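What the sequence shown shows, in my numbering, is residues -17 to 267, in sequence order.
Cβ coordinates follow ideal geometry from the N, Cα and C atoms, glycine included.
Given the structure is predicted, the values throughout are model-derived calculations rather than measurements.
Report on the structure given below.
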Amino acid sequence: MAILIDGKKISASVKAQVAQEAASLKAKGLFPGLAVVLVGDDPASRIYVNNKKKACEATGIYSEEYALPKTTTQQQLMELIGRLNDKPEIHGILVQSPLPEALDEAAVVEAISPQKDVDAFHAYNVGKLMQGRPVFQPCTPAGVIELIRSTGTEITGKNCVVIGRSDIVGKPMAMLLLQCNGTVTICHSATKNLKEISSQADILVSAVGKAGFVTADMVKPGAVVIDVGMNRDAEGKLCGDVEFAQVEPIASYITPVPGGVGPMTIAMLMRNTITAAKLQNGMAL
Ligand code: NAP
C-alpha cells in the first residue's frame, strides 16, 4: 500500500513560509504584488483566478484582478501588459490560460517582462531553466519536486519518466528532474513501448490529461507516482491520469487527485511572486 502524498498539507506549509517572507518584506517597506489577468468567461478559469486571489489574501500578497471581456483585442491586452510591466506595485503578472481563440497567447507571454513572469513561460525564463539556472521555477513542475522531496526520496540517479511534453508541464518537469540529477525520459503520444519505459521508472510523473491512462502494468513496484492530470471521470468527478485503485497498492508513494499536485501549483505561484518582488528590488533571493 502506498503512502499518500498530501498536497494540501505540503502546500499549506509552503504558503505559511511565503506569508512569513511577505511579512518580513513588508516590514522593510516592500509589498509584493501580483496581477491576475482573465479574458473571457470560462468557468474553470474563473475558479482558478478566484483561488489565486484567495491564496494572495492568505499569504499577505497584494493582488489586482483584471477581468476583461471575451471581445478584448490583442492590442488592448498588450497595452494592459505594458502598463503592468511598468507598474511598480506589481511584481508578478499572470495571464490565465486558455485565452479566447482570437488572441495570440504566445505573443502575450512574450510581452510580459521576464522579471515579472511568475509562471516562467517567457522564452527568457524557459532558457534559464534549460541552462539549469532558473530565476523562476515553473509552478506545477516545481510543486511536483516539492512533493517528491516531501517523501524523502532522493532524486539523484533515479530513473524518472515524465509522460507528456507540453510547454507548461512535461518539458519543464523533465528539466527540473534533470537539474535534480535524475536520469530522465520524456514520453509522448508517438512513444513506442510506453509500458516498458514507464515500468522502469523509480519516479513516474503523468501529465497526459486522460482519465485512467496509467494502469498498474505501467508502474514499477515501489515507484513514486505523481499524477498531474486533472480530468473528469464518467460521472463528472475530478480525477487524475492514474488508475488510482490499481496503482496505489504497488507504488511506494502516490498523489491523490484532488489534493495532490493541484494545491501546489498556486503555492509555488505565491513563492515566485515573492522571488519577483525581491529580484526587482535588488534583494538577495
Ligand atoms: P497537453 O498540453 O494536452 O499535453 C498532454 C501531453 O500528453 C502531450 O505531450 C501528449 O503528447 C501526451 N499524450 C497524449 N496522449 C498520449 C499517449 N497516448 N501516450 C503518451 N503521451 C500522450 O496537457 P498539459 O497542459 O500538459 O496538461 C496535462 C494534464 O495536467 C491535464 O489533465 C491538465 O489539466 C493537468 N494540469 C494540471 C495542473 C495542476 O496544477 N494540477 C497544471 C497544469 C496541467 P504529444 O505532445 O505527442 O501530443
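Do Ala102 and Pro80 have their beta-carbon atoms positioned less than 9 Å apart in this structure?
To locate residue 80, count along the sequence shown from 1; it is residue 98. To locate residue 102, count along the sequence shown from 1; it is residue 120. Cβ atoms of Pro80 and Ala102: not closer than 9 Å.
Is it the case that the CB of Arg147 approaches a heavy atom of the ligand NAP more closely than 8 Å?
Reading the sequence shown from its first residue, position 165 is the one you call residue 147. It does: the Cβ of Arg147 is within 8 Å (strictly closer) of some heavy atom of the ligand NAP.
So, for Leu158: in the same chain, excluding its five sequence neighbours on each side, which residues have a beta-carbon less than 6 Å away from its beta-carbon?
As a first step, residue 158 must be located in the sequence shown, where it is residue number 176. Pro123 and Ile127, listed in sequence order.
Using a Cβ-based criterion (distance less than 8 Å to any ligand heavy atom), does Phe195 qualify as near the ligand NAP?
Within the sequence shown, the letter at position 213 stands for residue 195. It does: the Cβ of Phe195 is within 8 Å (strictly closer) of some heavy atom of the ligand NAP.
With burial defined as no fewer than 16 other Cβ atoms inside 10 Å of the residue's Cβ, what is the status of Ala(-16): buried or exposed?
Counted from its first residue, the sequence shown places residue -16 at position 2. By the neighbour-count rule (16 or more Cβ atoms within 10 Å), Ala(-16) is buried.
Would you report the Cα separation of Phe195 and Thr237, rounded to the nearest angstrom?
To locate residue 195, count along the sequence shown from 1; it is residue 213. To locate residue 237, count along the sequence shown from 1; it is residue 255. Cα to Cα, the separation comes out at about 15 Å.
Name the residue from Gly218, Val239, Ser234 and Ser45 whose alpha carbon lies nearest to the alpha carbon of Glu225.
Counting from 1 along the sequence shown, the entry for residue 225 is found at position 243. Ranking the options by Cα distance to Glu225, first place goes to Val239.
With distances taken between CB atoms, is the gap from Ser45 to Ala17 smaller than 9 Å?
Position 63 of the sequence shown holds residue 45. Position 35 of the sequence shown holds residue 17. Yes, the pair counts as a contact, with Cβ atoms nearer than the cut-off.
Are there 16 or more other CB atoms within 10 angstroms of the CB of Ile29, so buried, or fewer, so exposed?
What you label residue 29 is simply residue 47 of the sequence shown in a count that begins at 1. That one is exposed.
What's the call for Asn107, buried or exposed, on a 16-neighbour Cβ count within 10 Å?
Mapped onto the sequence shown, residue 107 falls at position 125. It counts as buried.
Relative to the C-alpha of Ile256, which candidate in Lys8, Ile(-13), Ser(-7) and Gly(-11) has its C-alpha closest?
Along the sequence shown, read from residue 1 onward, the residue named residue 256 stands at position 274. It is Lys8.
Beta-carbon within less than 7 Å of Thr41's beta-carbon, same chain only, minus the 5 sequence neighbours each way: which residues are those?
Counted from its first residue, the sequence shown places residue 41 at position 59. These residues qualify, in order along the chain: Lys(-3), Val0, Ala1, Ala4 and Met252.
With distances taken between CB atoms, is the gap from Ala258 to Gln97 smaller than 9 Å?
Taking the first residue of the sequence shown as position 1, residue 258 is located at position 276. Taking the first residue of the sequence shown as position 1, residue 97 is located at position 115. Against a cut-off of 9 Å, the Cβ pair of Gln97 and Ala258 comes out as a contact.
Is Cys169 close to the ligand ZN? I mean its beta-carbon at under 8 Å from any heavy atom of the ligand.
As for the ligand ZN, it is missing from this structure, which binds only the ligand NAP.
Quick one, which of Leu66, Ile72, Tyr48 and Gln58 has its alpha-carbon nearest Leu85's?
Stepping through the sequence shown from its first residue, residue 85 is reached at position 103. Nearest of Leu66, Ile72, Tyr48 and Gln58 to Leu85, Cα basis: Gln58.
Which class does Leu50 belong to by DSSP, given the choice of helix, strand or coil?
Locating residue 50 in the sequence shown gives position 68, counting from the first residue. Leu50: strand per DSSP, three-state reduction.
Tell me whether the beta-carbon of Gly125 lies closer than 9 Å to the beta-carbon of Thr247.
As a working note, residue 125 is residue 143 in the sequence shown. As a working note, residue 247 is residue 265 in the sequence shown. Against a cut-off of 9 Å, the Cβ pair of Thr247 and Gly125 comes out as a contact.
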